[in-house]
Amino acid sequence: MLIRHSPDIAPSEITPYSAYLRRREFLAGFGAAMAFGGAAQAAPLAAARGPFSTDEPRTPRADVLAYNNFYEFGGRKSDPAENAHRLATKPWTVRIDGLVAKPADYRLEDLIKPLALEERVYRMRCVEGWSMVIPWIGAPLSEILKRAEPLGSAKYVAFETLVRPEEMPGQKGLLQLLPWPYVEGLRLDEALHPLTILAVGLYGETLPNQNGAPLRLVVPWKYGFKGIKSIVRVSLVETQPKTSWNMQNPREYGFYSNVNPNVDHPRWSQATERRIGEGGIFAKRRPTLMFNGYAEQVASLYGGMDLERYF
Amino acid sequence: MRAAPVFPLAGWRVPKLAVYVAGFVPAIWTFYLGVMDRLGPEPIKALEQELGLWSLRFLLLCLAITPLRRAAGVDLLRYRRALGLLAFYYAALHLSAYVALDHSFDWIAIGRDILKRPYVTSGMAAFVILVPLAATSNNAAIRRLGGKAWARLHRLVYVAAVAAAAHFLLIVKSWPAEPLLYAAATAALLAMRAFPAVLRRARSIPAPRRRRALTS
Chain S
2 MLIRHSPDIA PSEITPYSAY LRRREFLAGF GAAMAFGGAA QAAPLAAARG
52 PFSTDEPRTP RADVLAYNNF YEFGGRKSDP AENAHRLATK PWTVRIDGLV
102 AKPADYRLED LIKPLALEER VYRMRCVEGW SMVIPWIGAP LSEILKRAEP
152 LGSAKYVAFE TLVRPEEMPG QKGLLQLLPW PYVEGLRLDE ALHPLTILAV
202 GLYGETLPNQ NGAPLRLVVP WKYGFKGIKS IVRVSLVETQ PKTSWNMQNP
252 REYGFYSNVN PNVDHPRWSQ ATERRIGEGG IFAKRRPTLM FNGYAEQVAS
302 LYGGMDLERY F
Chain V
30 MRAAPVFPLA GWRVPKLAVY VAGFVPAIWT FYLGVMDRLG PEPIKALEQE
80 LGLWSLRFLL LCLAITPLRR AAGVDLLRYR RALGLLAFYY AALHLSAYVA
130 LDHSFDWIAI GRDILKRPYV TSGMAAFVIL VPLAATSNNA AIRRLGGKAW
180 ARLHRLVYVA AVAAAAHFLL IVKSWPAEPL LYAAATAALL AMRAFPAVLR
230 RARSIPAPRR RRALTS
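As given, the protein sequences belong to chains S and V, one line each in that order. Residue numbering for the first sequence follows the working numbering, starting at 2 and increasing by one per position. Residue numbering for the second sequence follows the working numbering, starting at 30 and increasing by one per position.
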């Protein structure tokens, strides 16, 4: 026997007709949300003006966001801006381990919460011969390291970037430009120096993915590639850690990689640089400054060192 | 009246002038973008690279003429001079951009670069080689030099191509795809000349009587 139920509520009564008509937009929006898979949207980030900030004109935000070396997303400067939206930065965990009294896995929010965020307007000099002026938002790395209580035996800090080939197209395929994960390192005194910060934002907002979201290192007196992005691990170690570009070509990229106009890259001069966003095709090069203009603050770290040898 | 051609355009030949005109479009377009400040965050580098890249492209097209003829029977010989000269013109524009825009006529820095930096040395070498080739890319020069001497001189284009491809490889960090592809194309075009038997077998026809055409 077939018992017919008349439906209690007609579908047309559940969904307003106007919304029904817009159902494809909803699907499209949902699709986009899935594609961006929890990628951090740039959110406003408040920060007090911090010390060491330069008054030089800031590189236009559009250039800071469009001109990036982040080989996990591809080798061209425009690749990170095109591909980095695939990276899911929530949730994010940072492991702090090695020679510390309190090793731990931190949720990013917990790592940042106790910090007083500051804006630091720093020069950034790329080893390729161009530079920017970027208003970072972050906090001294030393504050985070101290919380983990480094042991007396710790001499260096090693950093590691996320490996997630499904979201980082540069980490898969035939031609991979570097060994992964990207790793970087600092001497402990460099890491504890007040100029060295972990950045979580720039230009008043959380870090865009292509700039190393959600957490990156900024060491303004060193070439840009020392500023490791999308950090998942910070380890205190006893011996000098391996660093990615040094592994790729030890003759051309040293552990220290301090900005130094007197020590050339083996294939090109480091005496001058081009400031991004400054004057179009008729702009002139500007001289590169020792330690990228931060000699007053950091030269003492390298007293008596042969900087040609320890490049 | 001629019989209807098999291909709609068969029998109709692209005038050489059109190759020159089309050849200069990328340069004009790139300069236009540069002046309008639409070449991205590092416009001088973009302009420089674009001009250099087109020089290399024309050089490789020039080198592809003979293999195309031997292996595929496509004869574009009459455009080779235009392609070769375009390669030279673009190299000259590329060098001018480097001297004037990139280094603002800082001759000391430029001289040091040429002597010390293999990527600049190789690029400069490629350009210097192209100068006499461009200067003799006309019928009067061929008559004056005589076909054999002219052909021997113009074999220097192989050296220029190797230097140009090396120039591109030496400027980049790591091993990105683009310069590697251009280097591979250069190597392939030169290999076809080193082993002409391969090409002949590919077409299974006897070698042309005159291996090198004397008109360009």
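We put the beta carbon where it would ideally sit given N, CA and C, even for glycine.
{"query": "Taking buried to mean at least 16 other C-beta atoms within 10 Å of its own C-beta, is S:Gly304 buried or exposed?", "result": "exposed"}
{"query": "Quick one, are the C-beta atoms of S:Val378 and S:Glu309 less than 7 Å apart?", "result": "The structure shown does not extend to residue 378 of chain S, since chain S is modelled only from 2 through 312, so no value can be given for it."}
{"query": "Just curious, the beta strand (DSSP E) that S:Thr94 is in, first and last residue?", "result": "Thr94 to Gly99"}
{"query": "Could you list which residues in chain V have their beta carbon closer than 7 Å to that of S:Gln249, in chain order?", "result": "Ser203"}
{"query": "With a threshold of 7 Å on Cβ separation, who are the neighbours of V:Arg240 within its own chain once the five nearest residues in sequence on each side are excluded?", "result": "Note that V:Arg240 scores a pLDDT of 48, beneath 50, so its modelled location is shaky and nothing firm can be said."}
{"query": "When we look at the beta-carbon of V:Thr244 and count the other beta-carbons within 10 Å, is it buried (16 or more) or exposed?", "result": "Residue confidence for V:Thr244 is low, a pLDDT of 48 falling below 50, so the modelled location carries little weight; the figure read from the coordinates is stated next. Exposed, by the Cβ-count rule."}
{"query": "Would you identify the three-state DSSP class for S:Phe37, choosing helix, strand or coil?", "result": "At S:Phe37 the pLDDT is 41, less than 50, meaning the model places this residue with poor confidence; the figure from the coordinates comes in the next sentence. Reduced to three states, the DSSP call for S:Phe37 is coil."}
{"query": "Measuring straight from C-alpha to C-alpha, what distance separates S:Glu253 and V:Pro147?", "result": "14 Å"}
{"query": "Taking the continuous alpha helix (DSSP H) assigned at V:Ala75, which residues delimit it?", "result": "Pro72 to Pro96"}
{"query": "Under 7 Å, do S:Gly213 and S:Arg121 count as touching if we go by C-beta distance?", "result": "no"}
{"query": "How should S:Glu57 be labelled, buried or exposed, when 16 other C-beta atoms within 10 angstroms of its C-beta is the threshold for buried?", "result": "exposed"}
{"query": "State the Cα-Cα distance for the pair S:Arg96 and S:Pro209, rounded to the nearest angstrom.", "result": "22 Å"}
{"query": "What residues in the stretch 174 to 206 of chain V have a beta carbon less than 9 Å from any beta carbon of chain S?", "result": "Leu199, Ile200, Val201, Lys202, Ser203, Trp204, Pro205 and Ala206"}
{"query": "Less than 6 Å between C-beta atoms, sequence neighbours within five positions excluded: which residues of the same chain meet that for V:Leu159?", "result": "Phe117, Ala120 and Ala189"}
{"query": "Using the C-alpha atoms, what's the distance from S:Asp111 back to S:Arg165?", "result": "23 Å"}
{"query": "Give the straight-line distance between the Cα atoms of S:Met35 and S:Leu88, rounded to the nearest whole angstrom.", "result": "Low confidence applies to S:Met35: its pLDDT is 40, below 50, so where it sits in the model is not reliable enough to give any reading."}
{"query": "What residues in its chain sit with their C-beta under 8 Å from that of V:Thr150, if we drop five residues either side in the sequence?", "result": "Ile143 and Leu144"}
{"query": "When you compare the CB of V:Ile143 with every CB in chain S, is at least one pair closer than 7 Å?", "result": "no"}
{"query": "When you check each C-beta in the stretch 275 to 300 of chain S against every C-beta of chain V, which residues fall closer than 8 Å?", "result": "Arg275, Ile277, Gly278, Gly281, Ile282, Phe283, Ala284, Lys285 and Arg286"}
{"query": "Classify S:Asp1 as helix, strand or coil using the three-state DSSP reduction.", "result": "Residue 1 of chain S is absent from the model: chain S starts at 2 and stops at 312."}
{"query": "Between the stretch 126 to 133 of chain V and the stretch 166 to 182 of chain V, are three or more C-beta pairs nearer than 8 Å?", "result": "no"}
{"query": "Which parts of the stretch 109 to 168 of chain S are runs of the beta strand (DSSP E), unbroken and 3 residues or longer, counting only runs that do not cross its ends?", "result": "119 to 126, 131 to 141 and 157 to 162"}
{"query": "In the DSSP assignment, the beta strand (DSSP E) including S:Ala200 goes from what residue to what residue?", "result": "Ile198 to Leu203"}
{"query": "In this structure, what does DSSP give as the bridge partners for S:Leu187?", "result": "S:Val158"}
{"query": "What's the gap between the Cα of S:Gln271 and the Cα of S:Asn69?", "result": "19 Å"}
{"query": "When the Cβ atoms of the stretch 283 to 290 of chain S are set against those of the stretch 75 to 82 of chain S, are three or more pairs found closer than 8 Å?", "result": "no"}
{"query": "What is the DSSP secondary structure of V:Ser151, counted as helix, strand or coil?", "result": "helix"}
{"query": "Run through chain S and tell me which residues come within less than 8 Å of V:Ile171, C-beta to C-beta.", "result": "None at all; the shortest Cβ gap to chain S is about 39 Å."}
{"query": "Is there a Cβ of chain S sitting closer than 7 Å to that of V:Pro70, yes or no?", "result": "yes"}
{"query": "On the CB-based measure, 16 or more other CB atoms within 10 Å of its CB, does V:Arg67 come out buried or exposed?", "result": "exposed"}
{"query": "Measure from the alpha carbon of S:Val101 to the alpha carbon of each residue in S:Lys156, S:Lys91 and S:Ala48, then state which is nearest.", "result": "S:Lys156"}
{"query": "So, do the stretch 201 to 219 of chain V and the stretch 76 to 90 of chain V have three or more beta carbon pairs nearer to each other than 8 Å?", "result": "yes"}
{"query": "Per DSSP, what are the beta-bridge partners of V:Tyr49 in this structure?", "result": "DSSP, once it has assigned bridges, lists no residue as partnering V:Tyr49."}
{"query": "On the three-state DSSP scale, how would you describe V:Tyr187?", "result": "helix"}
{"query": "Could you give the distance in angstroms between the alpha-carbon of S:Val299 and the alpha-carbon of S:Pro262?", "result": "16 Å"}
{"query": "Between S:Asp80 and chain V, is the shortest Cβ-Cβ distance under 7 Å, so that the two count as touching?", "result": "no"}
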